Structure formats: structure tokens, C-alpha cells
Amino acid sequence: MFSHDTQLSLQVVVDFVNTAPQCSGSERLCDAVAVESFVLQHHVSDVNPRDYARLGPLHEVRERLRELFGVADPAHTAGLVNSLIAEAPMRPRLSDHDDYGWHLHYFSPEASLSEHLAVDGGIAIAHLVAAGESDRLRVCAAPDCACVLADFSRNRSKRYCDARTCGNRLNVAAYRERKRAAVATGD
Ligand SMILES: [Zn+2]
Ligand SMILES: [Zn+2]
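Position 27 (the sequence shown) corresponds to 26 in numbering that gives the first Met the number 0; numbering is contiguous.
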């Protein structure tokens, strides 16, 4: 369906978007240490450590990536992706960092961290749009949750984020509800 690359990049986008207060309750990319640990955890390559402290542009790119989730019209997604990747410097080249095997990087070597994430995420989502699959980018279906998810399941059945284990929470709530109903009717 998608290349491994695209899936990995989309997972980085999801995790990145979900560091925002809307999902996490508080700002998880709140300082250089937090940004550095995100970068290391997600094997974001070729990052200038100077960029760890540049939170403004990072949060801005994150907000623009968030807008690509839960969109019904692919034309709308396409427009947003086009403007996102048009603003960042690109120079495609192959890399094999972190034992990932050869894969294509699109960001320029001189790109800042926020530009890097804009290009990486933007291109991955562009592939999704081109495959007619952009509806796989969703906002969590739990009523009290604004986290996002990418549904890679074969039958497109994923509705809840992993960030807060919402599916599980709702299942437990439904189970308790059924039990309460059973007790009330004497079953
Ligand atoms: Zn890479
Ligand atoms: Zn959720």
C-alpha cells in the first residue's frame, strides 16, 4: 500500500502533532531538551543542535500539519500540502542513516529542523493524497480527545489514537455501562 518510508514519516508526523497541548494537555515541546529528545527518539537526521531551542517555527509547522488531519476533501489537503512544501528548501538525495537502508530525503542539507519536518511530513502526506488515501489521517473519535492518528489498518477501522489509549478507555466505559444495565434489569 505505502512504502515503509511513508509509513515511518507519517508516524513521526502523528507523534509530532500529538506533542501539542490540544492532545497532551500541556506543551510537550516546551524547551530545547524536549525537542532534542523528540529528535533522537524519532531518528530525525542531520539536525543542527542550534535548532532545538527554536520553538516558534516548530510549533507553527506542527499546527499546519495538524490541519491535514480529519479533512474530508482531498483537494483541500492537496492545497495545504502544496503550500507547506513550497516554503521549505528541498534537494532530494539518498541516505542510509540509522540502519534504515537507502531511502530518499527531500529536505535540503541546510534546512532547519522545522523545515525538515515540514518537508518530510508534507511529502509523506503528498504520497497519501496521490494514492487516494488521505482520509486515513484522522482525529481521534473519542469525544474528549483531540489527538490525531494515521490509520494503516487494511480495513480502515482505526478510530482512536494511541496517544491516550482512547479505544481502550471507551471499551471499558461501554463494558461498565452494559454491566450496570444488566444489574438494573436483574440479568
Ligand atoms: Zn531518513
Ligand atoms: Zn484519543
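Ideal Cβ positions, reconstructed from N, Cα and C, are used throughout, including at glycine.
Because the structure is a prediction, the values reported are computed rather than measured.
When the Cα atoms are used, what is the spatial distance from residue i to residue j?
i	j	result
residue 55	residue 179	48 Å
residue 181	residue 172	14 Å
residue 97	residue 111	20 Å
residue 79	residue 52	26 Å
residue 31	residue 159	30 Å
residue 136	residue 143	18 Å
residue 93	residue 26	34 Å
residue 57	residue 85	17 Å
residue 68	residue 151	14 Å
residue 7	residue 183	48 Å
residue 83	residue 175	45 Å
When you compare each of the options to residue i by their alpha carbons, which one comes out closest?
i	options	result
residue 19	145, 51, 102 and 71	145
residue 5	113, 138, 167 and 104	104
residue 3	57, 183, 156 and 126	126
residue 113	10, 153 and 15	15
residue 168	49, 153, 140 and 21	140
Bridge partners for residue i per DSSP, in chain order?
i	result
residue 102	94
residue 137	148
So does residue i have its beta carbon nearer than 7 Å to some heavy atom of ligand 3?
i	result
residue 44	Within the structure as shown, ligand 3 is missing, the only ligands being ligand 1 and ligand 2.
Apart from the five residues just before and just after residue i, which ones in its own chain have a Cβ nearer than 8 Å to its Cβ?
i	result
residue 170	none
residue 131	73
Taking 7 Å as the limit between beta carbons, can you name the residues of its chain near residue i, skipping five residues before and five after?
i	result
residue 163	144 and 146
residue 66	79
residue 62	none
residue 157	148 and 150
Quick one: residues in its chain with C-beta nearer than 6 Å to the C-beta of residue i, no 5 flanking neighbours on either side, listed in chain order?
i	result
residue 155	none
Discussion item. Whether or not the region 35 to 48 and the region 115 to 126 are in contact is what I'm after, with contact meaning three or more pairs of Cβ atoms, one per stretch, closer than 8 Å; do they touch?
Written reply: yes
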